[in-house]
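Enquirer:
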Amino acid sequence: MTAPAKLSPPTVPGNRRPRSLYFIVKYPNFSETYMHEEIRSLREQYDIRVITYKRSEQPRAEAFPYEVIEYTDPCLVYSQIGNVNQMFSAPSQVKFLAKVGAIIREFQPDVLHCHYLGLSLLLRKLAETHQVPFTIRTHSMDVLSEPPEKLRAMCDAANSRWCLRVLAFPTSCARLVGAGLLADKVVSCWPVLNFARFHQPAPRAATRQVMCAGPAIPKKAHHQFVDLAKKMRGQGFTFNLYAKGPTLEKTREYNQRAGSPVHITYADPDEMPSVYPRHDWLVYPSDCKINKVGLPVAICEAQASGLGVCWQELPGRRAEQLDFLAGGGFLFQDLRDVPALLLRPYPEEMRQRGFAAAARCDIERHKHLLSDVWSPAPRRAAA
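For the numbering used here, count along the sequence shown from 1 and bump the result up by 8.
Next up, the structure:
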């Protein structure tokens, strides 16, 4: 494939701050803290405006300003690619583009930015229409298990000359290039973590509390956490599940039938830095048949907080998971192996490796992967 002509990073007129227009499917979902933390960090340098095209059913308590412009056609991220009109010629799509176009003309962004590869289809269209470059941060679910034809279509959109950069997890880069993404478009990047908010390096007394956290959806297999708590009843541990989502009621019922060995609750993302230190361990189960759990931010949050980590090994994913843990946690194949781990003190060398592993995800360390291509010209002038 011939590479399209490269664009230079945008040049910002005058002395104003550069502007980035964000596109997110369901901001401010509580489970998508990485998007929020990326905005929190980059808004120190940039004027940021957020457009989301679906209303969040589980929003975080406090969000940055955002605008909902509803997109009623098949979702660009979650729908099958055959159902998506990639030409954006349907009347409802034309109306959506007109509303977004009005914001672009009023806000005058220097760059467009989105989360999830599926939005490359939209940003290619907007970039070509308004001649504004764009960047993409991919995650797990939009690369890990998408069918080849969908990946090819999204990579083709990202190959637009208007796309400056695609950020992807280390093991996702090869898959994207294999699906047709130009190799010089993609840059390897770990998940987003606000490391300073979670970092708790000081030693502390054991609490004998074990936690699990995340959205209550099938792939997270929270019923397994209930099974673990039931198995360890009477051994002096408290098990806490911090979750919200569509499968939570089923988990509550399962927990009640098991005698309620788990305390089920919820904490807003901004409360989580104080939640982790109350615990000794994070146990993170997954549904091995679904096999769509990527690199959970809860794991690096727990590592930064000094917790021990036990993570479900997934079929064909061992090398990727070990690379993410970087020696700061255990993989388990069978839930029956976990009690023996929890009953032993977490090795201090693993805790130290966990701090180092989590620090790789610090947004302050890798936000330059965006800012390098967003607006280097004003930084050079300031220097």
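Think of the CB as a built atom: it goes at the ideal place given N, C-alpha and C, for glycine as much as any other residue.
1) Taking Cβ to Cβ, would you say A310 is nearer than 9 Å to V317?
2) Which of the three DSSP states is assigned to W382 in this structure?
3) Pop quiz: S196 and A176 are said to be a contact at Cβ under 8 Å. What is the actual Cβ separation, rounded to whole angstroms?
4) With distances taken Cα to Cα, identify the nearest neighbour of L349 among A229, P323, R216.
5) What separation, rounded to the nearest whole angstrom, lies between the Cα atoms of K228 and G188?
6) Which of the three DSSP states is assigned to T10 in this structure?
7) Excluding the 5 residues flanking P209 on each side, which residues of the same chain have their C-beta closer than 8 Å to its C-beta?
8) Am I right that S383 and P67 are in contact with their C-beta atoms under 8 Å? What's the rounded C-beta distance?
9) Taking DSSP as the reference, what is the three-state secondary structure of I47?
10) Ignoring anything shorter than 3 residues or poking outside the segment 259-293, list the beta strand (DSSP E) runs there in chain order.
11) Write down the C-beta distance between F247 and H271 rounded to the nearest angstrom, noting that I regard them as a contact closer than 8 Å.
12) Which one of L378, P226, Q243, H207 has the shortest CA to CA distance from I307?
13) Count the other CB atoms, across all protein chains shown, that sit within 10 Å of the CB of V346; report buried if there are 16 or more and exposed otherwise.
14) Can you list, in chain order, the residues of its chain whose CB lies under 8 Å from that of G267, leaving out five sequence neighbours each side?
15) For T60, which residues from the same chain have a beta carbon less than 7 Å from its beta carbon, with the 5 sequence-adjacent residues on both sides left out?
16) Going by C-alpha distance, which of P304, F245, W319 is nearest R286?
17) Do R205 and P281 have their CB atoms nearer than 9 Å?
18) Return yes when the Cβ of K300 is within less than 9 Å of the Cβ of M162, no when it is not.
Expert: This is what the structure holds:
1) Cβ atoms of A310 and V317: closer than 9 Å.
2) In this structure, W382 counts as helix in the three-state DSSP scheme.
3) 7 Å between Cβ atoms; contact.
4) Looking at the Cα atoms, R216 is the closest of the given residues.
5) Roughly 30 Å separates the two Cα atoms.
6) In this predicted model, T10 has a pLDDT of only 42, less than 50, meaning its place in the structure is not dependable; the value taken from the coordinates is given anyway. Of the three classes helix, strand and coil, the one that applies to T10 here is coil, per DSSP.
7) Taking P209 as the centre and dropping the five residues before and after it, the same chain places the C-beta of G314, F363 closer than 8 Å to its C-beta, in chain order.
8) With 8 Å as the limit, S383 and P67 do not qualify as a contact, their Cβ atoms being about 30 Å apart.
9) If DSSP states are grouped into helix, strand and coil, I47 belongs with the helices.
10) Those beta strand (DSSP E) runs which fall completely within the segment 259-293 and span 3+ residues are 270-273, 289-292.
11) Confirmed, about 7 Å.
12) Residue H207 is the option with its Cα nearest to I307.
13) With 16 or more other Cβ atoms within 10 Å, it is buried.
14) These residues qualify, in order along the chain: K238, R241.
15) Excluding positions up to five away in sequence, the list reads I32, V33, K34, Y35, Y74, V76.
16) When each option's Cα is compared against that of R286, the closest is F245.
17) Yes, Cβ-Cβ distance for R205 and P281 is below 9 Å.
18) No; because the gap between Cβ atoms is not below 9 Å, this pair is not in contact.
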